[in-house]
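Visitor: Got a structure for you, written out below as structure tokens; questions coming shortly.
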Amino acid sequence: MKNIQTIILDRDGTVIHDKHYLHDPDGVELLPGAARALASLTQAGMSLYIATNQSGIGRGYFNEKDYHAVEQRLDHILKINGVHIGGSAFCPHAPEECCNCRKPATGLWETLVQNHGLSPETTVMIGDKTADVSLGLNAKLAASVLVLTGKGQASAQKLGLPELTEAWMELTEQREGWPHVVARDLEAACGWLLSKIGMAE
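This is the structure in structure tokens:
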């Protein structure tokens with residue numbers, strides 16, 4: 623794990639509050655500790671990318687222009703906090719469209735690989751949903767991390783994960799669909815990452 627170079631982040635419920643089909647840039651609100659956590663990864667030399675399902679587009683709740691406006695707002699907020707996002711990929715389809723990009727399918731990962739030359743063995747996925755975890759597993763990334771913000775608590779219950787009693791926990795038992803790590807939030811997940819590469823505070 624010492625050679626981790628890239629982090630793939632889910633957006634809603636992981637980096638920002640999940641506002642349910644967010645389409646107004648003014649609604650972008652970072653989760654507590656998220657900016658500090660991502661800044662620590664940037665300072666450690668890691669590259670950060672976002673992979674997000676945006677079925678509100680396919681459902682007709684908002685359009686791609688709205689999505690990009692939200693992304694620009696998020697990029698701005700992160701930049702003033704010392705965080706650089708190297709790129710993003712999004713799925714605009716509704717679930718019933720059966721595309722190959724909606725997480726847990728690997729299409730978003732494949733897009734990032736094509737555009738940025740990423741390698742699975744040096745990449746970690748962080749998200750709050752079972753689909754995020756499964757994307758990491760399906761793409762054979764170095765690790766998948768489930769954070770308990772957003773829909774994380776419900777996801778942990780759905781997967782039958784052990785109760786988290788510390789900031790983060792590595793799961794030595796690997797059942798189907800389980801993440802490699804469970805973390806209280808993005809800050810705790812980043813703390814785990816930094817500890818693995820020998821840069822924990």
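Mapped onto my numbering, the consecutive letters of the sequence shown carry residue numbers 623 to 823. Idealized CB from N, CA, C, for every residue including glycine. All values derive from a computational prediction rather than experimental measurement.
For the candidate residues D688, Y689 and I707, whose alpha-carbon lies nearest to that of D697?
Guide: Considering only alpha carbons, the answer is I707.
Visitor: Please classify G659 as buried or exposed, where buried requires at least 16 other C-beta atoms within 10 Å of its C-beta.
Guide: Checking the sequence shown, residue 659 turns out to be Ala, not Gly. Counting Cβ neighbours within 10 Å, A659 comes out buried, since at least 16 surround it.
Visitor: Check this for me: beta carbons of S756 and G799, under 8 Å apart or not?
Guide: Cβ distance < 8 Å, so S756 and G799 count as in contact.
Visitor: Do T771 and L653 count as a contact pair if the criterion is CB distance below 8 Å?
Guide: Result yes, Cβ atoms of L653 and T771 sit closer than 8 Å.
Visitor: Here's the rule: buried if 16 or more other CB atoms are within 10 angstroms of the residue's CB, otherwise exposed. What is D648?
Guide: That one is exposed.
Visitor: Just to confirm, are V803 and A765 a CB contact at a threshold of 8 Å?
Guide: Taking 8 Å as the Cβ cut-off, V803 and A765 qualify as a contacting pair.
Visitor: Below 8 Å on the Cβ atoms is my guess for T628 versus T744; work out the distance and round it to an integer in Å.
Guide: That belief holds up - the Cβ atoms of T628 and T744 are roughly 6 Å apart, short of 8 Å.
Visitor: DSSP has M791 in a bridge; who is on the other side?
Guide: Paired residue(s): V804.
Visitor: Please tell me whether P714 and E686 are closer than 8 Å, where the distance is taken between their beta carbons.
Guide: It is a contact, given that the beta carbons lie within the stated cut-off.
Visitor: For A748, report the span of its alpha helix (DSSP H) as first-last.
Guide: The sequence shown places Ile at residue 748, not Ala. Careful: I748 lies outside any alpha helix (DSSP H), inside the beta strand (DSSP E) at T745 to G749.
Visitor: How would you label N625, buried or exposed, when you count the other beta carbons within 10 angstroms and need 16 or more for buried?
Guide: Answer is exposed; the Cβ neighbour count stays below 16.
Visitor: Is the region 667 to 678 touching the region 716 to 725, taking contact as three or more C-beta pairs under 8 Å?
Guide: Result yes; three or more Cβ-Cβ pairs closer than 8 Å.
Visitor: What does DSSP give as the partner residue(s) for Y570 in the beta ladder?
Guide: As shown, the chain starts at 623 and ends at 823. That puts residue 570 outside it, with no answer to give.
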